[in-house]
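Take a look at the structure below.
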Amino acid sequence: MTIDPHILGLSGTVVHDEIVPARAPWLHHVAAGQTLRIVDLDGNQAVDFLLYAAADDAERYSAQDTVAAQQNLFLRAGTQLRSNEGRVMMTIAATSVAYHDTIGGACSCESNTLRYGHHTKSQHACVENFLEANLTEGRGKRDIVSNINFFMNVPVEEDGALGIVDGISAPGLTVDLRAEMDVIVVVSNCPQINNPCNGFNPTPVRMIITA
Amino acid sequence: MTGSLADPMAARDHARAMAGTVVEAMPLLPPVADDLPAGMSAEDLLWEETIAAGGYATRRLARGSRLRLVDLQGDACASVLIFNAEMPTERLNVADTVKIQWNAYLGAGKLLLSDMGRVLMSILEDEASTHDAFCGASNAATNYAKYGEGRNSGAFPNGRDRLLLGSAKHGLQRRDVHPCVNLFKGARIEADGTITPLMGPYAPGRAMILRAEIDVIVVLANCPHVLDPRDEWTVTPLRVSAWRGAVTPADDPVRTATPEGLRAFLNVEDYFRR
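As given, the protein sequences belong to chains A and B, one line each in that order. Sequential numbering from 1 applies to the first sequence in this note's numbering. Sequential numbering from 1001 applies to the second sequence in this note's numbering.
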């Protein structure tokens, strides 16, 4: 029997295991105590990620509360993902990537017209994925807030210069997230083809949940 | 005394006797300001209010309006939310604001962008330069941890709850209160991602002027910054003035400064092509 390298180091029983295709949305409920592993299968894929409290989805991931709580922009192993109410929703239990981004936000058809030009308006974008997934549970545009970009690198230079640059991920690298409350995870497996975050080529990711 | 308090007319007289009281933090109606920019008429003044330490205020401003914020005593912290007044699901997007402009820091010439690819407000003048697009507002939990209390009704109110109240005055809800920017209090980003708070206090009187590029709802909270290292809950009043102004012309230097910003203005003009 071949050992699945993407499961290594995970404890507990696998309760969900799914490949999210390139460019696709994904929504899943994760119970308190369960761990979600995201595997960057081919490397250089940005995984745009939102969280909602299952008990009350007006409580949701807050990038600002998260960076303020740790007084640092980068998400690393040990970072607590905070809600807009200041509570811990998930913890980054482990990651084989040095750090992840939460200031770059998600691509949208509209912001792409500013960033790249109006010719990109018709391209698929992360906000489309967030909306498509959230609408299945009655959430809409008001529920889209600044998100996490797992595997994405957004350095800030001395003069404030900031931009999404080539990823620091590689095929098979992972991030493990432990749910500290019952949460709804909404992911856009970023379809972006105009910047280096995906190596200009979106690829699939794997979602493994253990209990 | 008991007799007079039982008399509604005496209660009325007591209430009416308060009229004309002037305190530091209050709105002035009609607005008066003796320091309008040259060429501005008092007729064009829209709003004059001093927001208390720990207070909040909110206003709908028409496209073209100028909004001036003054850090009167050098220790104000203006947490700001902005909505499209006719469609509040469109709102300030801080991630797009820094990403589209390829820069982490706010200042003169910078745009405050919506999540619909449009510019909500632009920063025309800025004497402060210490601002923060990353840390957001304090909340009840952070204030409780720091000051022992943070409720709206208590002595140490927090920024998020103030923004919630201001937004609610326009019919908005918890799910509408999203990431904000903090003006006058800064956040310096180090190479390893560390956030260095720039809290002052600064010289009194630092001012900023913002221009509404669409019809906006502005919500302002004036509470201590969430990373303020001081043990004491410390903040000073924030003065707000607004006056009518022209819609941004085609040759406006802020409009044409960058290709990204120009496209944000083109999207605004397309929205108003009706």
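Just so it is clear, CB atoms sit at the ideal spot from N, CA and C, and this is done for glycine as well.
Please confirm whether any heavy atom of the ligand GTP lies closer than 8 Å to the CB of serine 1241(B). This structure does not include the ligand GTP; it has no bound ligands of any sort.
Point to revise | Selected residue, minimal CA-CA separation from phenylalanine 1083(B), among Glu1049(B), Leu1106(B) and Val1119(B) | key: For the purposes of this step, residue 1083(B) is identified with residue 83 of the second sequence, where counting begins at 1. It is Val1119(B).
Contact under 9 Å by Cβ, glutamate 1213(B) with leucine 1072(B): Along the second sequence, read from residue 1 onward, the residue named residue 1213(B) stands at position 213. Along the second sequence, read from residue 1 onward, the residue named residue 1072(B) stands at position 72. In this structure, glutamate 1213(B) sits away from leucine 1072(B), with a CB-CB distance that is not shorter than 9 Å.
Would you mind stating whether proline 5(A) and valine 186(A) have Cβ atoms separated by less than 9 Å? In the first sequence, counting from the first residue as 1, residue 5(A) sits at position 5. In the first sequence, counting from the first residue as 1, residue 186(A) sits at position 186. Contact check for proline 5(A) against valine 186(A) fails: the beta carbons are separated by 9 Å or more.
### Query
Can leucine 1220(B) and alanine 1062(B) be called in contact, C-beta distance under 9 Å?
Locating residue 1220(B) in the second sequence gives position 220, counting from the first residue. Locating residue 1062(B) in the second sequence gives position 62, counting from the first residue. It is not a contact, given that the beta carbons lie outside the stated cut-off.
(request) Mind listing, in chain order, the continuous beta strand (DSSP E) runs of no fewer than 3 residues lying wholly within the region 164 to 190 of chain A? (result) Counting whole runs of 3 or more residues, the region 164 to 190 of chain A contains the beta strand (DSSP E) stretches 173 to 179 and 183 to 189.
Q. Taking Cβ positions only, does isoleucine 193(A) come closer than 9 Å to chain B?
A. Start at 1 with the first residue of the first sequence, and residue 193(A) comes out as number 193. By this cut-off, isoleucine 193(A) is not an interface position.
| task | Would you please verify whether the beta carbon of glutamine 1073(B) is less than 9 Å from any beta carbon of chain A? | result | As a first step, residue 1073(B) must be located in the second sequence, where it is residue number 73. Interface criterion not met: the Cβ of glutamine 1073(B) is under 9 Å from no Cβ in chain A.
message: Is there a Cβ of chain A sitting closer than 9 Å to that of arginine 1174(B), yes or no?
response: What you label residue 1174(B) is simply residue 174 of the second sequence in a count that begins at 1. Yes, its Cβ sits closer than 9 Å to a Cβ of chain A.
**OP:** With a cut-off of 8 Å on the beta carbons, I'd call arginine 87(A) and alanine 1145(B) a contact; round off their distance for me.
**Re:** Within the first sequence, residue 87(A) is the residue found at index 87, counting from 1. Within the second sequence, residue 1145(B) is the residue found at index 145, counting from 1. In fact, because the Cβ distance is near 12 Å, the residues do not count as touching under 8 Å.
Unbroken beta strand (DSSP E) run spanning leucine 50(A), endpoints = Residue 50(A) sits at position 50 when you count from the first residue of the first sequence. Element bounds for leucine 50(A): 47 to 53.
Please confirm whether aspartate 1222(B) has its beta-carbon closer than 9 Å to some beta-carbon of chain A. For this step, residue 1222(B) is matched to residue 222 along the second sequence. Per the sequence shown, residue 1222(B) should be read as asparagine rather than aspartate. Chain A, which has no Cβ nearer than 9 Å to the Cβ of asparagine 1222(B), makes this no.
For this session: Would you verify that the beta carbon of phenylalanine 200(A) is, or is not, closer than 9 Å to some beta carbon of chain B?
Result: The residue labelled residue 200(A) in the question sits at position 200 within the first sequence. Chain B contact via Cβ: absent.
Could you pull the DSSP bridge partners for glycine 1032(B) from this structure?
Position 32 of the second sequence, counted from the first residue, corresponds to residue 1032(B). Checking the sequence shown, residue 1032(B) turns out to be valine, not glycine. Per DSSP, valine 1032(B) has no beta bridge partner at all.
- prompt: Mind checking whether glycine 1148(B) and phenylalanine 1156(B) have CB atoms under 9 Å apart?
  reply: Numbered from its first residue, the second sequence carries residue 1148(B) at position 148. Numbered from its first residue, the second sequence carries residue 1156(B) at position 156. Contact: yes.
Note to self: At the level of alpha carbons, what is the spacing between leucine 81(A) and aspartate 1252(B)?
What the structure shows: Walking along the first sequence from the start, residue 81(A) turns up at place 81. Walking along the second sequence from the start, residue 1252(B) turns up at place 252. C-alpha separation (whole angstroms): 42 Å.
#### Entry: Check whether valine 154(A) and valine 165(A) have beta carbons under 9 Å apart
As a first step, residue 154(A) must be located in the first sequence, where it is residue number 154. As a first step, residue 165(A) must be located in the first sequence, where it is residue number 165. In this structure, valine 154(A) lies near valine 165(A), with their beta-carbon atoms less than 9 Å apart.
- Rounded Cβ spacing between isoleucine 1209(B) and glutamate 1125(B) (contact assumed at less than 8 Å): The residue you call residue 1209(B) lines up with position 209 of the second sequence. The residue you call residue 1125(B) lines up with position 125 of the second sequence. With 8 Å as the limit, isoleucine 1209(B) and glutamate 1125(B) qualify as a contact, their Cβ atoms being about 4 Å apart.
Worksheet item: How would you list, in chain order, the residues of chain A whose beta-carbon sits under 8 Å from the beta-carbon of lysine 1169(B)?
Response: Here residue 1169(B) refers to the residue found at position 169 of the second sequence. Correct list: empty, because the minimum Cβ distance to chain A is about 17 Å.
How many whole angstroms separate the CB atoms of valine 1240(B) and isoleucine 1051(B), which I take to be in contact at a CB cut-off of 8 Å? Position 240 of the second sequence, counting from 1, holds the residue named residue 1240(B). Position 51 of the second sequence, counting from 1, holds the residue named residue 1051(B). Right, the Cβ-Cβ distance comes to about 6 Å (below 8 Å), so this counts as a contact.
Exercise. Consult DSSP for phenylalanine 150(A) and reduce its assignment to one of helix, strand or coil.
Key: Within the first sequence, numbered from 1, the residue matching residue 150(A) stands at position 150. Here phenylalanine 150(A) sits in strand by DSSP.
Practice prompt. May I have a chain-ordered list of the beta strand (DSSP E) segments no shorter than 3 residues that lie completely inside the region 1175 to 1258 of chain B?
Written response: The DSSP assignment places 1181 to 1183, 1186 to 1189, 1195 to 1198, 1206 to 1212, 1216 to 1222 and 1238 to 1243 as complete runs of the beta strand (DSSP E) inside the region 1175 to 1258 of chain B, in order along the chain (cut-off: 3 residues).
- Query: Along chain B, which residues have their Cβ under 8 Å away from the Cβ of serine 62(A)?
  - Reply: Locating residue 62(A) in the first sequence gives position 62, counting from the first residue. Contact of serine 62(A) with chain B by beta-carbon distance below 8 Å involves Gly1136 and Pro1179.
Q. What residues in the region 1104 to 1119 of chain B bring their beta carbon closer than 7 Å to a beta carbon of chain A?
A. Listed in chain order, the positions of the region 1104 to 1119 of chain B with a beta carbon within less than 7 Å of a beta carbon of chain A are Ala1104, Tyr1105, Asp1115, Met1116 and Gly1117.
- request: Identify every residue that forms a DSSP beta bridge with tyrosine 1056(B).
  value: The residue given as residue 1056(B) occupies position 56 in the second sequence. The partner list for tyrosine 1056(B) (beta bridge, DSSP) reads Ala1221(B).
| field | chain B contact for proline 155(A) (CB, 9 Å cutoff) | value | Translated into positions along the first sequence, residue 155(A) becomes position 155. For proline 155(A), a Cβ of chain B is located within less than 9 Å of the residue's own Cβ.
How about proline 1157(B): is its C-beta nearer than 9 Å to some C-beta of chain A? Residue 1157(B) sits at position 157 when you count from the first residue of the second sequence. It does not; no Cβ of chain A falls within 9 Å.
**Message:** Quick check on this structure: which residue in Gln34(A), Asp65(A), Gly104(A) and Phe130(A) has the alpha carbon closest to the alpha carbon of serine 1138(B)?
**Reply:** On the second sequence, residue 1138(B) is found 138 positions in, with the first residue counted as 1. Nearest of Gln34(A), Asp65(A), Gly104(A) and Phe130(A) to serine 1138(B), Cα basis: Asp65(A).
Quiz item: For valine 1098(B), which of helix, strand or coil comes out of DSSP?
Solution: The count along the second sequence starts at 1 and reaches residue 1098(B) at position 98. Looking at valine 1098(B) - three-state DSSP - the assignment turns out to be helix.
Got a sec, what are the start and stop residues for the beta strand (DSSP E) asparagine 40(A) sits in? For the purposes of this step, residue 40(A) is taken as the residue at position 40 of the first sequence. Before going further, note that residue 40(A) is aspartate rather than asparagine in the sequence given. DSSP places aspartate 40(A) in the uninterrupted beta strand (DSSP E) bounded by 35 to 40.
Please tell me whether methionine 1001(B) has its Cβ less than 9 Å away from any Cβ of chain A. In the second sequence, counting from the first residue as 1, residue 1001(B) sits at position 1. Because the pLDDT at methionine 1001(B) is just 47, under 50, the model does not fix this residue reliably, and the value given afterwards should be weighed accordingly. Chain A, which has no Cβ nearer than 9 Å to the Cβ of methionine 1001(B), makes this no.
Could you give the distance in angstroms between the alpha-carbon of tyrosine 1271(B) and the alpha-carbon of arginine 1016(B)? For the purposes of this step, residue 1271(B) is taken as residue 271 along the second sequence, with counting starting at 1. For the purposes of this step, residue 1016(B) is taken as residue 16 along the second sequence, with counting starting at 1. Going by the C-alpha atoms only, they are around 47 Å apart.
* To do: Given a cut-off of 9 Å, decide if aspartate 48(A) and isoleucine 209(A) are closer than it, judged by their beta-carbon atoms.
  => On the first sequence, position 209 is the one that residue 209(A) refers to. On the first sequence, position 48 is the one that residue 48(A) refers to. Aspartate 48(A) is positioned such that its CB atom lies no closer than 9 Å to that of isoleucine 209(A).
Can you look up valine 67(A) in the DSSP assignment and give me helix, strand or coil?
Looking up residue 67(A) in the first sequence gives position 67. Three-state result, valine 67(A): helix.
*Note down the Cα distance separating proline 1031(B) from arginine 1273(B), rounded to an integer number of angstroms.*
For the purposes of this step, residue 1031(B) is identified with residue 31 of the second sequence, where counting begins at 1. For the purposes of this step, residue 1273(B) is identified with residue 273 of the second sequence, where counting begins at 1. Looking at the two C-alpha atoms, the distance is approximately 32 Å.
**Asked** Are the beta-carbon atoms belonging to glycine 160(A) and tyrosine 1105(B) less than 9 Å from one another?
**Response** Position 160 of the first sequence holds residue 160(A). Position 105 of the second sequence holds residue 1105(B). The answer is yes: Cβ separation under 9 Å.
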